[in-house]
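For reference, the structure discussed in these notes is given below.
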Amino acid sequence: MVRHLHTNFKLMIYKIVQKFKFCSEGDCPLWALAALHALGALPAQLFRTLLHHITEEQPDDGIMEILKNTNLSSREESARAAAVIRWTLQQAQRCGCSGVQLARDLLVLGVPRAHAAAFAEAADYTREAYVENAREKAFIVNKLTDITTASGPDGTIDVVKVTLNSEEVFSGEQRITDLLVDKSMLKTLLEELKAARKKLEEINTEVNDSQNL
-7 MVRHLHTNFK
3 LMIYKIVQKF
13 KFCSEGDCPL
23 WALAALHALG
33 ALPAQLFRTL
43 LHHITEEQPD
53 DGIMEILKNT
63 NLSSREESAR
73 AAAVIRWTLQ
83 QAQRCGCSGV
93 QLARDLLVLG
103 VPRAHAAAFA
113 EAADYTREAY
123 VENAREKAFI
133 VNKLTDITTA
143 SGPDGTIDVV
153 KVTLNSEEVF
163 SGEQRITDLL
173 VDKSMLKTLL
183 EELKAARKKL
193 EEINTEVNDS
203 QNL
């Protein structure tokens, strides 16, 4: 009994300190771990069908159709399943994690072997497209799509709320960032942004000139 408890304790410690390549050598987020375990309950072939549907970027409506007779049939659960699949594959690509290494990490996290193998195949299959996309957008972090301003929140004085709407170029994820800026700093901020834009335009001109040589 003591030996059994000791073994379990070592296993718990191992899981706590374990680092995962596809998680930037860090821990797997709890939301992702829970979603991966939920996916593990799916029959292997059904999971492969779902994975193929997502990697081929087919319409999201088909995800609920695939999961309609499972415990993940609700809109919320279907969305969570799709999100963790996309997140896992994106993480593998961003961290330079091979399919083999991804499978190893997922097995340690308790993902069934067949599901881990399917993830590994999908990661290798989508790597070329990811690398090509990364090359095309190598110097782009986020694409700014809109900027709006509004009065500061109640209780603030001489403050402007600046809302930045952006798109993550690799995943297409939409992000909204709110900044509270003192009115006295707006002119300085504007001048700095103008200077940054001018510098980027100069760099772009140099690149275009070198390509035309």
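Just so it is clear: in the sequence shown, position 61 is 53 by this note's numbering, and no numbers are missing. Just so you know, even glycine gets a beta-carbon here, dropped at the ideal spot from N, CA and C.
Query	Result
Check this for me: beta carbons of G91 and D116, under 8 Å apart or not?	yes
Does the region 175 to 185 come within contact of the region 145 to 156, defined as at least 3 CB pairs closer than 8 Å?	yes
For H(-4), count neighbouring C-beta atoms within 10 Å of its own C-beta (all shown protein chains included) and say buried if the count is 16 or more, exposed if not.	Confidence at H(-4) is low in this model, with a pLDDT of 42, below 50, so its placement is unreliable and no value can be given for it.
Counting Cβ pairs, one atom from each stretch, are 3 or more of them under 8 Å apart for the region 54 to 71 and the region 9 to 25?	no
For H45, which residues of its own chain have a beta-carbon under 7 Å away from its beta-carbon, when the five flanking residues on both sides are left out?	G54, I55 and I58
For chain B, check one thing: does any of its Cβ atoms lie closer than 8 Å to the Cβ of F111?	Reference to chain B is not applicable here, since this structure consists of a single protein chain.
Quick one: what does DSSP say Q166 is sitting in, helix, strand or coil?	strand
With burial defined as no fewer than 16 other Cβ atoms inside 10 Å of the residue's Cβ, what is the status of S70: buried or exposed?	buried
With C-beta atoms as the reference, is A114 less than 8 Å away from T197?	no
Beta-carbon within less than 7 Å of K13's beta-carbon, same chain only, minus the 5 sequence neighbours each way: which residues are those?	C87, C89, Q93 and D97
In angstroms with no decimal places, state the Cα-to-Cα distance between A75 and N200.	38 Å
Does I195 pass the burial test, meaning 16 or more other C-beta atoms within 10 Å, or should it be called exposed?	exposed
Determine whether the beta carbon atoms of A33 and N63 lie at a separation below 8 Å.	yes
Under three-state DSSP, which class holds L22?	helix
Measure the alpha-carbon distance for T140 versus L171 and round it to whole angstroms.	11 Å
Mind pulling the alpha helix (DSSP H) runs of 4 or more residues that sit fully within the region 53 to 140?	53 to 58, 67 to 86, 91 to 100 and 105 to 128
What is the DSSP secondary structure of A33, reduced to helix, strand or coil?	coil
Does T206 come out as helix, strand or coil in the three-state DSSP assignment?	Not covered by the structure: residue 206. The range shown for the chain is -7 to 205.
Quick one, which of E17, L43, K186 and A142 has its alpha-carbon nearest A109's?	L43
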